[in-house]
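The structure appears below as structure tokens.
In UniProt numbering, the protein residues as written are 1 to 208.
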């Protein structure tokens, strides 16, 4: 704006184009990064969630982006040299990857999993209608588990939160394929009663 004309952008603001040579004979077809990603993905999800509970969106996104990047790589990661020059890999991310490669797990992630605040927020946010703000309020009241929430008479719950507590076990339970098929059949029969030519399809994970 001050120059009154277009100016060259600084290098730090430019997107870097990287090319990878993909040897099919060496790596085969598809994503061969599965073994590492299974461990890293779980670790990064814990770290991202922990930062989300702390309302630190920047660090939370850092771990989510790094997990997505590693999963998309067309080659296996077996050493730190394999991730040199990759974007979205900051110091925190790099340290955890290095420890998982060398030790098979991350001590920092284990520390988070054993953290009282993280465990409490993990439970609270699993309740329908409960977010980070409410979790923080309950935590400061000395509450730590959903069972304690259920018996705490001084809490003023919203309609959604009351429903979340009342049907908690049902809402956190996984739905089996057989159960999904049974519900689908009921819905399909009901819909076809009114619209004989209608097509009813299960979507989401069960369709995949």
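Where is the CB? At the ideal position from N, CA and C, for every residue including glycine.
Query	Result
Inter-residue Cα distance where the pair is residue 85 and residue 77	13 angstroms
C-alpha distance - residue 157 paired with residue 74, whole-angstrom precision	48 angstroms
Residue burial classification, residue 143 (beta-carbon count within 10 angstroms, cutoff 16)	buried
Pairwise C-alpha distance: residue 138 and residue 51	18 angstroms
Residue 205 - DSSP class collapsed to helix/strand/coil	helix
Best match in 42, 70 and 53 for proximity to residue 123 [C-alpha to C-alpha]	53
Cβ-Cβ distance between residue 106 and residue 100 below 8 angstroms	yes
Among 79, 67, 146 and 72, the one whose alpha carbon lies nearest that of residue 89	67
Cβ-heavy atom distance, residue 166 to the ligand FAD, below 7 angstroms	Because no ligand of any kind appears in the structure shown, any question about the ligand FAD cannot be addressed here.
Start-end ranges of the alpha helix (DSSP H) lying completely within the segment 82-169, minimum 4 residues	91-103, 107-113, 116-124, 132-140, 146-151 and 159-166
Expected contact under 8 angstroms - CB spacing of residue 200 and residue 183 to nearest Å	Not confirmed; about 11 angstroms, so no contact.
CB contact flag (residue 64, residue 43, <8 angstroms)	no
Backbone CA spacing between residue 234 and residue 121 [nearest angstrom]	Given that the chain is displayed from residue 1 to residue 208, the structure contains no residue 234 and the question cannot be resolved.
6 angstroms CB neighbourhood of residue 109 in its chain, flanking five on each side removed	43 and 46
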